[in-house]
Amino acid sequence: MFTTAPAPSGFVVMPKRWVVERTHAWNERARRLIMHHDRLFDVSEAWAWLAEARMLARRLTT
2 MFTTAPAPSG FVVMPKRWVV ERTHAWNERA RRLIMHHDRL FDVSEAWAWL
52 AEARMLARRL TT
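In my numbering, the protein residues as written are 2 to 63.
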């Protein structure tokens, strides 16, 4: 009744997953984000925004 596509053999990289993993790798370069010692979530979120702003500023200047 239903037919399924044959499964690809070997390792296949999914494009969306690659984007997410790349973003996480960039965020891990900001060492402050690796430590989660903040009591409030808002403080952690602010540090994440600052790290992203720093990366964007670096992209604009290069």
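A virtual CB, placed ideally from N, CA and C, is assigned to each residue, including glycine.
Do you know how far the Cα of residue j is from the Cα of residue i?
i: R59; j: A52; result: 11 Å
i: R32; j: L61; result: 22 Å
i: W50; j: P9; result: 39 Å
i: V13; j: M56; result: 29 Å
From the options, pick the residue whose C-alpha is nearest to that of residue i; which is it?
i: W48; options: E29, T62, L61, A8; result: E29
Legend entry - the region 38–54 in contact with the region 4–23 per 3-pair CB rule at 8 Å: no
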